[in-house]
Amino acid sequence: MTAKKSMIWQRLKSFAQKNRKKAKVRRILAAMGITVMIVVFLVTLTPLNDWLTFPLITSETPQNADIIIVLGSGLARDGSLNKNGKERVIQASWFLQSGFAHTLLMSGGLVKKTLFYESEQMANYAVELGMPFESVTIEKMSTSTEENARYAKIIMQENGWQSALLVTSRFHSRRACGVFRKHTIAVSCVAADPSLVPRISPVDRLNEFRSIIREYGATVYYWIQGYI
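Here the sequence shown is numbered in this note's numbering, starting from 611 and rising by one per residue.
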(Lines of atoms letter the chains of each structure in order from A and count residues from 1; the text may use other names and numbers.)
(Lines give C-alpha, C1' and ligand atoms only; values in the text may rest on other atoms or scores of the structure.)
Protein backbone atom coordinates (compact mmCIF):
# COMPACT_ATOMS: atom_id res chain seq x y z
CA MET A 1 0.00 0.00 0.00
CA THR A 2 2.86 2.33 0.89
CA ALA A 3 4.57 1.58 -2.44
CA LYS A 4 1.32 2.32 -4.29
CA LYS A 5 0.93 5.65 -2.50
CA SER A 6 4.52 6.51 -3.31
CA MET A 7 3.94 5.75 -7.00
CA ILE A 8 0.81 7.90 -7.07
CA TRP A 9 2.68 10.71 -5.36
CA GLN A 10 5.52 10.52 -7.89
CA ARG A 11 3.04 10.67 -10.77
CA LEU A 12 1.29 13.66 -9.26
CA LYS A 13 4.63 15.36 -8.69
CA SER A 14 5.72 14.67 -12.27
CA PHE A 15 2.39 15.96 -13.59
CA ALA A 16 2.73 19.15 -11.55
CA GLN A 17 6.28 19.72 -12.82
CA LYS A 18 5.15 19.30 -16.42
CA ASN A 19 2.32 21.76 -15.86
CA ARG A 20 4.73 24.28 -14.34
CA LYS A 21 7.03 23.93 -17.36
CA LYS A 22 4.11 24.39 -19.75
CA ALA A 23 2.92 27.41 -17.80
CA LYS A 24 6.43 28.89 -17.95
CA VAL A 25 6.58 28.36 -21.71
CA ARG A 26 3.15 29.98 -22.10
CA ARG A 27 4.29 32.99 -20.05
CA ILE A 28 7.42 33.35 -22.18
CA LEU A 29 5.43 33.09 -25.41
CA ALA A 30 2.89 35.60 -24.11
CA ALA A 31 5.67 38.02 -23.14
CA MET A 32 7.25 37.63 -26.58
CA GLY A 33 3.91 38.22 -28.26
CA ILE A 34 3.28 41.37 -26.24
CA THR A 35 6.81 42.61 -26.99
CA VAL A 36 6.31 42.08 -30.72
CA MET A 37 2.98 43.92 -30.59
CA ILE A 38 4.58 46.85 -28.77
CA VAL A 39 7.44 47.02 -31.30
CA VAL A 40 5.03 46.88 -34.25
CA PHE A 41 2.94 49.65 -32.69
CA LEU A 42 5.96 51.88 -32.05
CA VAL A 43 7.48 51.30 -35.49
CA THR A 44 4.29 51.80 -37.50
CA LEU A 45 2.52 54.52 -35.52
CA THR A 46 5.28 56.63 -33.93
CA PRO A 47 8.45 58.41 -35.16
CA LEU A 48 10.60 55.64 -33.62
CA ASN A 49 12.43 54.94 -36.89
CA ASP A 50 13.36 58.61 -37.23
CA TRP A 51 14.67 58.73 -33.66
CA LEU A 52 16.76 55.60 -34.18
CA THR A 53 18.07 56.84 -37.53
CA PHE A 54 19.26 60.24 -36.30
CA PRO A 55 22.60 59.06 -34.77
CA LEU A 56 23.40 57.18 -37.99
CA ILE A 57 23.10 60.20 -40.29
CA THR A 58 25.90 62.15 -41.91
CA SER A 59 24.62 64.56 -44.52
CA GLU A 60 26.83 67.37 -45.72
CA THR A 61 26.36 70.22 -48.15
CA PRO A 62 26.83 68.67 -51.60
CA GLN A 63 29.95 69.80 -53.43
CA ASN A 64 30.88 69.68 -57.10
CA ALA A 65 32.89 66.55 -57.78
CA ASP A 66 34.36 64.43 -60.54
CA ILE A 67 31.78 61.68 -60.02
CA ILE A 68 28.70 60.81 -58.03
CA ILE A 69 28.95 57.41 -56.31
CA VAL A 70 25.69 55.62 -55.57
CA LEU A 71 25.81 52.65 -53.20
CA GLY A 72 23.65 49.57 -53.69
CA SER A 73 21.21 48.42 -51.03
CA GLY A 74 20.13 44.98 -52.14
CA LEU A 75 17.33 43.97 -54.47
CA ALA A 76 13.79 42.68 -54.19
CA ARG A 77 13.19 38.99 -54.91
CA ASP A 78 12.25 39.76 -58.51
CA GLY A 79 15.54 41.61 -59.03
CA SER A 80 14.04 45.11 -58.94
CA LEU A 81 15.40 47.89 -56.77
CA ASN A 82 14.01 48.18 -53.27
CA LYS A 83 12.90 51.55 -51.90
CA ASN A 84 16.33 52.34 -50.47
CA GLY A 85 17.92 51.76 -53.85
CA LYS A 86 15.35 53.86 -55.68
CA GLU A 87 15.71 56.86 -53.37
CA ARG A 88 19.49 56.76 -53.78
CA VAL A 89 19.31 56.68 -57.58
CA ILE A 90 16.67 59.42 -57.70
CA GLN A 91 18.76 61.66 -55.42
CA ALA A 92 21.95 61.01 -57.37
CA SER A 93 20.18 61.65 -60.67
CA TRP A 94 19.01 65.01 -59.38
CA PHE A 95 22.60 65.90 -58.49
CA LEU A 96 23.72 64.87 -61.98
CA GLN A 97 21.03 66.99 -63.63
CA SER A 98 21.95 69.90 -61.37
CA GLY A 99 25.55 69.80 -62.59
CA PHE A 100 27.34 68.61 -59.45
CA ALA A 101 29.17 66.03 -61.60
CA HIS A 102 28.96 64.52 -65.07
CA THR A 103 29.24 60.82 -64.20
CA LEU A 104 27.29 58.41 -62.01
CA LEU A 105 29.20 55.45 -60.59
CA MET A 106 26.79 52.72 -59.50
CA SER A 107 28.47 50.46 -56.97
CA GLY A 108 27.05 47.04 -56.12
CA GLY A 109 27.67 43.40 -56.94
CA LEU A 110 25.69 40.23 -57.52
CA VAL A 111 22.69 39.55 -55.30
CA LYS A 112 22.76 35.74 -55.29
CA LYS A 113 19.10 35.18 -54.48
CA THR A 114 18.12 37.12 -57.62
CA LEU A 115 21.09 36.55 -59.99
CA PHE A 116 20.98 40.29 -60.77
CA TYR A 117 23.69 42.89 -60.12
CA GLU A 118 22.79 45.86 -57.94
CA SER A 119 24.87 48.24 -60.05
CA GLU A 120 23.23 47.16 -63.32
CA GLN A 121 19.73 47.53 -61.89
CA MET A 122 20.59 50.97 -60.52
CA ALA A 123 22.03 51.98 -63.89
CA ASN A 124 18.89 50.79 -65.68
CA TYR A 125 16.72 52.77 -63.27
CA ALA A 126 18.81 55.91 -63.78
CA VAL A 127 18.36 55.60 -67.54
CA GLU A 128 14.61 55.12 -67.01
CA LEU A 129 14.67 58.41 -65.09
CA GLY A 130 16.18 60.10 -68.13
CA MET A 131 19.88 60.04 -67.32
CA PRO A 132 22.13 59.72 -70.40
CA PHE A 133 23.37 56.15 -70.82
CA GLU A 134 26.93 57.36 -71.39
CA SER A 135 26.93 59.20 -68.06
CA VAL A 136 26.52 55.97 -66.06
CA THR A 137 29.42 53.72 -65.02
CA ILE A 138 29.07 50.53 -63.00
CA GLU A 139 31.20 48.71 -60.45
CA LYS A 140 29.85 45.16 -60.05
CA MET A 141 32.38 43.41 -57.78
CA SER A 142 31.46 44.78 -54.35
CA THR A 143 29.20 42.98 -51.89
CA SER A 144 29.76 45.21 -48.84
CA THR A 145 30.28 48.86 -47.97
CA GLU A 146 34.00 48.28 -47.45
CA GLU A 147 34.25 46.74 -50.91
CA ASN A 148 32.20 49.60 -52.36
CA ALA A 149 34.93 51.96 -51.21
CA ARG A 150 37.84 49.73 -52.19
CA TYR A 151 36.69 49.12 -55.76
CA ALA A 152 35.41 52.66 -56.26
CA LYS A 153 38.87 53.95 -55.36
CA ILE A 154 40.44 51.73 -58.02
CA ILE A 155 38.02 53.00 -60.67
CA MET A 156 38.66 56.59 -59.63
CA GLN A 157 42.42 56.13 -59.89
CA GLU A 158 42.10 54.47 -63.31
CA ASN A 159 40.05 57.41 -64.62
CA GLY A 160 41.97 60.19 -62.90
CA TRP A 161 38.98 61.19 -60.78
CA GLN A 162 39.99 63.01 -57.60
CA SER A 163 36.70 63.72 -55.81
CA ALA A 164 33.29 62.15 -55.34
CA LEU A 165 29.82 63.00 -54.12
CA LEU A 166 28.69 59.94 -52.14
CA VAL A 167 24.96 59.18 -52.07
CA THR A 168 23.31 56.59 -49.87
CA SER A 169 20.34 56.27 -47.50
CA ARG A 170 20.15 58.20 -44.23
CA PHE A 171 20.66 55.21 -41.95
CA HIS A 172 23.72 54.12 -43.96
CA SER A 173 25.36 57.51 -44.45
CA ARG A 174 27.61 57.79 -41.38
CA ARG A 175 29.18 54.35 -41.78
CA ALA A 176 29.55 54.70 -45.55
CA CYS A 177 31.17 58.11 -45.25
CA GLY A 178 33.56 56.82 -42.60
CA VAL A 179 34.58 53.85 -44.74
CA PHE A 180 35.26 55.94 -47.85
CA ARG A 181 37.34 58.43 -45.90
CA LYS A 182 39.23 55.55 -44.30
CA HIS A 183 40.21 54.65 -47.86
CA THR A 184 41.43 58.26 -48.29
CA ILE A 185 38.78 59.07 -50.89
CA ALA A 186 37.85 62.75 -51.07
CA VAL A 187 34.08 62.62 -50.67
CA SER A 188 31.25 64.86 -49.65
CA CYS A 189 28.55 62.65 -48.15
CA VAL A 190 24.85 63.20 -48.75
CA ALA A 191 21.95 61.21 -47.35
CA ALA A 192 19.14 60.69 -49.86
CA ASP A 193 15.90 62.44 -49.02
CA PRO A 194 13.52 59.69 -47.76
CA SER A 195 10.51 61.64 -49.02
CA LEU A 196 11.61 60.77 -52.57
CA VAL A 197 10.26 57.26 -51.98
CA PRO A 198 7.87 57.48 -48.99
CA ARG A 199 7.49 54.61 -46.51
CA ILE A 200 3.80 54.72 -45.76
CA SER A 201 2.62 51.16 -45.21
CA PRO A 202 3.31 49.23 -41.97
CA VAL A 203 5.38 46.73 -43.97
CA ASP A 204 7.57 49.55 -45.29
CA ARG A 205 8.08 50.90 -41.79
CA LEU A 206 8.95 47.46 -40.43
CA ASN A 207 11.43 46.85 -43.24
CA GLU A 208 13.01 50.22 -42.50
CA PHE A 209 13.23 49.33 -38.81
CA ARG A 210 15.01 46.09 -39.67
CA SER A 211 17.52 47.98 -41.84
CA ILE A 212 18.18 50.47 -39.04
CA ILE A 213 18.79 47.77 -36.43
CA ARG A 214 21.06 45.90 -38.84
CA GLU A 215 22.99 49.14 -39.44
CA TYR A 216 23.77 49.52 -35.74
CA GLY A 217 25.22 46.02 -35.74
CA ALA A 218 27.18 46.66 -38.92
CA THR A 219 28.59 49.90 -37.51
CA VAL A 220 29.89 48.12 -34.42
CA TYR A 221 31.38 45.34 -36.57
CA TYR A 222 33.11 47.82 -38.90
CA TRP A 223 34.51 49.72 -35.95
CA ILE A 224 35.95 46.50 -34.48
CA GLN A 225 37.45 45.56 -37.87
CA GLY A 226 39.00 49.00 -38.25
CA TYR A 227 37.05 49.83 -41.41
CA ILE A 228 35.89 53.16 -39.97
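For each residue, glycine too, the CB sits at the ideal point set by N, CA and C.
- Bounds of the alpha helix (DSSP H) holding Val737 are Glu728 to Glu738.
- In the DSSP assignment, Ala702 falls outside any beta strand (DSSP E) and within the unbroken alpha helix (DSSP H) covering Lys693 to Gln707.
- Comparing C-alpha distances from Leu720 to each of His712, Thr713 and Ser729 shows the shortest one belongs to Ser729.
- Glu818 sits buried, since 16 or more C-beta atoms from the chains shown fall within 10 Å of its C-beta.
- Looking at the backbone, the Cα of Phe743 and that of Ala702 are separated by about 14 Å.
- Collapsing the DSSP output to three states places Met751 in coil.
- Residue state for Met741 is assigned as coil, using DSSP reduced to three classes.
- Taken through DSSP and simplified to helix, strand or coil, Thr724 comes out as coil.
- Assignment of beta-bridge partners to Ala774 by DSSP yields Ile677 and Val797.
- Taking the Cα of Val737 as reference, the smallest distance to any Cα among Gln707, Leu685, Leu806 and Ile677 is reached at Gln707.
- With contact defined as three or more Cβ pairs closer than 8 Å, the region 807-814 and the region 826-833 are not in contact.
- Ser821 carries a helical assignment under DSSP once its states are collapsed to helix, strand and coil.
- Judged by their CB atoms, Ile677 and Ser798 are not nearer to each other than the 9 Å cut-off.
- If you compare the alpha carbons of Trp661, Ile667 and Met732 with that of Asn692, the shortest gap goes to Met732.
- Secondary-structure assignment with DSSP links Leu662 through no beta bridge to anything.
- The Cβ atoms of Leu725 and Gly689 lie closer than 9 Å to each other.
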